[in-house]
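Protein chains in written order, with this note's numbering: chain A, 2 to 302; chain B, 21 to 330.
Glycine is no exception: its CB is placed at the ideal position from the N, C-alpha and C atoms.
These numbers were taken from a predicted model, which means no experiment stands behind them.
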Amino acid sequence: MTTAEVAARPESQTLSGRITSGRRLRDAAFRVLIMLSVAVALITLFALLMDAFMTGRPRLNGDLIRNMPSARPARAGLQSAIFGSLWCVGITAALSLPLGVGTAVYLEEFARRDRWYVRLIELNIQNLAGVPSVVFGILGLAFIARGPLSWGFTVGTGALVLTILVLPTVIIASREAIRAVPPSLREGSLALGATQWQTIWRQVLPASVPGIATGSILSVSRALGESAPLLLLGALTFVTFNPTGLDSGYTVLPLLIFKYASDAKAEFHVVAAAAIIVLLVVLLALNTTAILLRNRFQKRW
Amino acid sequence: MVGDPLLPSPHLRRRRRVERVVRRGLALTASISVVVTVAIALSLLRPAIDFFREIPIGEFFTGTEWSPLFSPSQRQFGVWPLLTGTLLVMGIAILVAVPFGLGAAVYLSQYASPRVRGIIKPVLEILAGIPTVVLGFFALYFVNPEIVQRFWPVGRVGTFSALAAGLVIGIAILPTMASLAEDAMTAVPVSLRDGAIALGATRREVSTKVIFPAALSGIVAAIVLALSRAIGETTIALMAAGSNPRFTADPGQGVQTMASFIGFAGIGDQPTGSTGYKTIFAVGTLLFLITFFLNMLSVRIVRRFREAYE
C-alpha cells in the first residue's frame with residue numbers, strides 16, 4: 002500500500018479515527034477493568050493473610066512450636082509436624098536436586114533433539130509437570146507404600162513421592178538456567194582443549210548455579226506446602242513423636258493444619274490458623290531467598 | 021612423552037572413558053521421568069481393570085448415585101455426581117481465573133511501568149506459592165461464611181459449597197493463568213505494537229485488537245492448562261466443597277469432585293484389594309486421562325497455531 006492510498010483511506014477505516022469522547026471513555030473503562038483484575042488478586046491475598054493472622058493470633062507463641070499435637074486444643078502444638086516436614090522436604094531436596102540437574106544437563110548439553118527417545122523424555126517431563134498432585138499420591142500408594150516396595154506409611158514413602166512430584170519443575174527450571182549460559186563460554190572452553198564434561202563441570206554449571214538455586218528453592222517450597230498426595234500416604238494420622246529415621250511414621254505441617262481445620266471443635270481452628278502463619282513465614286523466607294538470589298546473581302550475558 | 025604418535029595417549033583415553041561414563045549416567049538419570057510415567061500408568065491400570073471386572077462399566081458411566089465406600093449392600097457406583105461436581109467447581113474457578121488472569125496479564129504486559137511490574141509480579145508469585153491447605157482454610161472459614169452464605173440469593177448455604185471452593189480454586193490458578201498469558205503477550209513483536217500506535221490506536225485498542233489476537237494461541241493454551249489445574253485441585257475442594265457427592269448444578273450446595281473423592285477415600289485407608297481401594301484407582305485413571313488429554317492439547321495448540329514472527 003502506497004502512502005497515497007493510506008492517506009486516501011476514509012477515516013472510518015483507519016484504526017484510529019478521531020479521539021472521540023466515547024473512545025476516551027472506553028479506554029478509561031478498560032483501564033479500570035484490568036486494574037481491577039490485579040486488585041482482585043492482591044485483595045484476596047491480603048484478606049487471606051489478615052484472616053489467618055487475626056484468627057491465629059491467640060495461639061501464636063512458643064508453646065505452639067514446642068508442644069506435640071494433642072486432643073486438647075489448649076495444649077495442641079506442631080512439633081512432630083515441623084520435624085516431619087523437615088525430614089520430608091530435606092530428603093526431597095537431596096534427591097531431586099542431583100536427579101533434576103543431571104537430567105537438565107543431559108537434555109541441554111548431550112541429547113540430540115532428533116532422536117525419538119529424547120523427544121519422548123521431553124514430552125514426558127512436560128506432561129508429568131501437569132499431572133494433578135493427587136495422582137502422584139495414588140502412584141505412591143500402589144508402588145511405594147504398598148505393592149513392590151511396601152515401604153508403608155513412612156517418611157521415606159512421603160519423601161520419595163514428593164521427589165517425583167517436584168522433579169519435573171526442578172528439571173524445567175535447571176534447563177532454563179543452563180540454556181541461559183551463552184554458547185561462547187562453551188566454545189571458548191572447548192577451543193582451549195577441555196572435554197565436553199570438563200566444560201560443563203567447570204564452566205556451564207558454575208555459571209548457572211544462581212538460576213538452578215532459585216528454581217530449586219521454589220520447587221522445594223512447593224513440596225513443603227503440598228498436601229494432596231500425602232493424604233493417601235498416611236500423613237494425616239495423629240503423631241506425637243518426631244521421626245527417627247526413614248521408616249518412622251510421620252505427619253507434616255500442611256496435613257496437621259488440615260486435621261486441625263477439619264476438627265469439630267472451633268478451638269482447633271485457631272490452632273490451624275496459627276499453624277498456617279508458621280507455615281507461611283517459612284515459605285515466605287524461602288521465596289524471598291530465591292528472589293534475592295535471582296536478583297543478586299542474575300547475569301545478563 | 022614419547023609414544024606412538026598415531027595412538028591416543030593413555031591420558032586422552034582416560035578422558036574419553038570419563039566422558040562416556042558421565043554421558044551414560046546422565047542419560048540414565050534423564051530416563052527416570054519415563055520410568056515414573058510408566059509406573060503411574062501401571063499402578064493406575066491394574067487395580068482399575070480389576071475394578072471394572074467387579075463393577076459393570078455401564079453402571080459406572082451412567083449411574084447418578086455415588087457411594088462406593090458404603091457397606092456392600094448399599095453402595096452405588098455411578099460416577100456422574102463426581103463428574104458434575106468436578107464440572108461445577110471447575111466452571112466457577114475458570115470464571116474467576118480466566119477474565120481476571122487475562123486482565124492482569126494485559127495490565128502487566130501493556131500498561132504497568134517497570135517499577136509497578138517489579139512490585140506486582142513478586143506479589144503474584146507469592147499468591148501462586150500459597151499452599152492449597154491454606155487456601156482451603158480460607159475458603160471454608162472466610163469465603164463461605166462471610167461471602168457465599170451472606171450473598172448467595174437462592175436457598176440456604178451450608179458449611180460446604182461448590183461456590184466457595186470454586187472461587188478460591190479460581191484465585192489459586194489466577195497467577196499461573198496471568199503469568200502464562202503475559203508470556204504470550206510479551207512474545208508478540210514490538211513492531212506490531214509500534215505499528216498500531218503509529219497509526220493512532222490507543223493502548224486499549226492495541227491490547228484488544230493487536231496483542232490479543234496475535235497472542236491467542238498462547239492464551240488458549242494457558243486456559244486449557246488452567247482447566248487442567250482446576251480439575252486436579254484436591255485439598256481446596258475437599259475442605260470447602262465437602263465430601264458429599266451430589267448430582268446437582270446448584271453452586272450453593274456441597275459437592276465432591278473426582279480429585280477430592282480420591283483424597284477422601286485415601287484418608288479412610290482402604291485395605292489393599294478391597295473394592296473401595298480399587299475405586300480410588302478407577303477414579304484416578306479417569307482424572308489422569310482427562311488432565312493428560314488437556315495437557316497434550318495445550319502443548320499442541322501452542323505448536324500448531326503459534327503465529328510465527330521472525
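Could you tell me whether the Cβ atoms of residue i and residue j are closer together than 9 Å?
i: B:L314; j: B:L245; result: yes
i: B:T292; j: B:F71; result: no
i: B:A260; j: B:G149; result: no
i: A:L108; j: A:E123; result: yes
i: A:L79; j: A:P70; result: yes
i: A:A309; j: B:A124; result: Here chain A has residues from 2 to 302 only, and residue 309 of chain A is not among them.
i: B:V163; j: B:V143; result: no
i: B:F158; j: A:A48; result: yes
i: A:T196; j: A:R187; result: no
i: B:A83; j: B:F180; result: The residue you asked about is not Ala; residue 83 of chain B is Gly in the sequence shown. Contact flag unset, no.
i: A:L293; j: A:L219; result: no
i: B:V345; j: A:L121; result: Lying before the first or after the last residue shown, residue 345 of chain B is absent from chain B, which here runs from 21 to 330.
i: A:I97; j: A:L225; result: Per the sequence presented here, residue 97 of chain A reads as Ser, with Ile not at that position. No, these two residues do not count as a Cβ contact at 9 Å.
i: B:L122; j: B:A201; result: yes
i: A:P230; j: A:V135; result: yes
i: B:W172; j: B:G272; result: yes
i: A:F144; j: B:A235; result: no
i: B:Y11; j: A:R32; result: The structure shown does not extend to residue 11 of chain B, since chain B spans only 21 to 330, so no value can be given for it.
i: B:S237; j: B:I146; result: no
i: B:G335; j: B:V118; result: Coverage of chain B is limited to positions 21 through 330, which leaves residue 335 of chain B absent and any answer about it impossible.
What distance in whole Å lies between the Cβ atoms of residue j and residue i, which are believed to be in contact at a cut-off of 8 Å?
i: A:A82; j: A:V221; result: Contact flag wrong, Cβ pair sits at about 17 Å.
i: B:T152; j: B:A192; result: 7 Å
i: B:T206; j: B:S129; result: 5 Å
i: A:F259; j: A:S228; result: 6 Å
i: B:A242; j: B:M316; result: Contact flag wrong, Cβ pair sits at about 15 Å.
i: B:A50; j: A:T104; result: 4 Å
i: B:A182; j: B:G78; result: The pair is not a contact, with the Cβ atoms about 27 Å apart (cut-off 8 Å).
i: B:F120; j: B:L194; result: 6 Å
Roughly how many angstroms lie between the CA atoms of residue i and residue j, to the nearest whole one?
i: A:G246; j: A:I173; result: 31 Å
i: A:N128; j: B:I251; result: 15 Å
i: B:R137; j: B:V126; result: 12 Å
i: A:F154; j: A:Q204; result: 42 Å
i: A:F242; j: A:I66; result: 13 Å
i: B:F345; j: B:I239; result: One cannot answer for residue 345 of chain B here, as it falls past the ends of chain B, which runs 21 to 330.
i: B:P28; j: A:I126; result: 39 Å
i: A:E249; j: A:G159; result: Just to set this straight, residue 249 of chain A is Ser in the shown sequence, not Glu. Answer to the nearest angstrom: the Cα atoms are 11 Å apart.
i: A:V282; j: A:R113; result: 43 Å
i: A:P59; j: A:V271; result: 8 Å
i: B:Q169; j: A:I139; result: 34 Å
i: A:A274; j: B:S93; result: 41 Å
i: A:L150; j: B:G45; result: 24 Å
i: A:L16; j: A:T45; result: Reliability fails at A:L16, whose pLDDT of 49 lies under 50, so the model's placement of it is uncertain and no value is given.
i: A:S22; j: A:A30; result: 12 Å
i: A:T56; j: B:R40; result: 59 Å
i: B:F80; j: A:I278; result: 42 Å
i: A:P74; j: A:A267; result: 9 Å
i: A:E12; j: A:R24; result: Note that A:E12 scores a pLDDT of 45, beneath 50, so its modelled location is shaky; the value from the coordinates is reported in the next line. Going by the C-alpha atoms only, they are around 15 Å apart.
i: B:H31; j: A:S190; result: 19 Å
i: A:F298; j: B:I140; result: 21 Å
i: B:V42; j: B:R35; result: 11 Å
i: B:A269; j: A:G157; result: 42 Å
i: B:T311; j: A:V132; result: 7 Å
i: A:V102; j: A:R116; result: 21 Å
i: B:I114; j: B:S63; result: 31 Å
i: A:A291; j: A:R76; result: 35 Å
i: B:L247; j: B:G175; result: 28 Å
i: B:T69; j: B:T305; result: Per the sequence shown, residue 69 of chain B should be read as Ile rather than Thr. Each residue's Cα considered, the two are about 10 Å apart.
i: A:R223; j: A:V90; result: 9 Å
i: B:R160; j: B:V177; result: The sequence given here places Leu at residue 160 of chain B; Arg does not occur at that position. C-alpha separation (whole angstroms): 12 Å.
i: B:F97; j: B:A216; result: 57 Å
i: A:P183; j: A:L34; result: 41 Å
Check the Cβ of residue i against every Cβ in chain C and list those closer than 9 Å, keeping chain order.
i: A:A42; result: Of the chains in the structure shown, none is chain C; the protein chains are A and B.
*With a cut-off of 8 Å, do at least 3 Cβ pairs link the segment 262-280 of chain B to the segment 104-112 of chain B?*
Touching, per the Cβ criterion.
*Determine, using beta-carbon pairs with one atom in the segment 207-214 of chain A and one in the segment 232-239 of chain A, whether at least three such pairs fall under 8 Å.*
In short, these stretches do not touch, since the Cβ pair count stays below three.
*Does the segment 203-212 of chain B touch the segment 225-235 of chain B, meaning 3 or more C-beta pairs lie closer than 8 Å?*
The segment 225-235 of chain B is in contact with the segment 203-212 of chain B.
*asked:* If we require 4 or more residues per run, which alpha helix (DSSP H) segments fall completely within the segment 185-209 of chain B?
replied: If we require 4 residues or more, the segment 185-209 of chain B turns out to have no alpha helix (DSSP H) run fully inside it.
*asked:* Going residue by residue through the segment 112-190 of chain A, where are the continuous alpha helix (DSSP H) segments of at least 4 residues, counting only ones entirely within it?
replied: Within the segment 112-190 of chain A, the complete alpha helix (DSSP H) runs of at least 4 residues are 117-131, 134-140 and 156-180.
_Within 8 Å, do at least three Cβ pairs link the segment 283-290 of chain B to the segment 250-258 of chain A?_
By the Cβ criterion, the segment 250-258 of chain A is not in contact with the segment 283-290 of chain B, since fewer than three pairs of Cβ atoms, one from each stretch, lie closer than 8 Å.
*Between the segment 159-171 of chain A and the segment 130-145 of chain A, do at least 3 Cβ pairs fall closer than 8 Å?*
The segment 159-171 of chain A vs the segment 130-145 of chain A: in contact.
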